[in-house]
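S.K.:
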Amino acid sequence: MAEELTYEEAREELVAVVRKLESGGVPLADSMALWERGEALAKICQGYLDGAKAQVAKARAESADDDGGAK
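Residue numbers (the working numbering): 1076 to 1146.
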């Protein structure tokens, strides 16, 4: 079952993971697990951002088409 997080939830958890990794003092095995979790969270966030970018591009293209017909 795929994990469903909002962009905000994934980003918040990703920030927490990065802080843990940057703080040091985490055993190697735990660091590797955190790294893998961070990679998964980053992928989730990137998916949301790519989707938002596509929506903006579509809206801009539709707006340009509408503006072109009015001239």
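Using N, Cα and C, we set each Cβ at its ideal position, and we do this for glycine too.
I'd like the list of long-range same chain contacts for A1117, defined as Cβ closer than 7 Å, with 5 residues on each side in sequence excluded.
M.R.: In its chain, beyond the 5 residues on either side, L1089 have a beta carbon closer than 7 Å to the beta carbon of A1117.
S.K.: Are the CB atoms of G1113 and V1092 nearer to each other than 8 Å?
M.R.: yes
S.K.: Among E1083, S1106, E1084, which has the Cα closest to the Cα of R1094?
M.R.: S1106
S.K.: Roughly how many angstroms separate the alpha carbons of G1100 and S1138, rounded to a whole number?
M.R.: 52 Å
S.K.: With a threshold of 7 Å on Cβ separation, who are the neighbours of K1128 within its own chain once the five nearest residues in sequence on each side are excluded?
M.R.: Its chain contains no residue whose beta carbon lies nearer than 7 Å to that of K1128 once the 5 sequence neighbours on both sides are disregarded.
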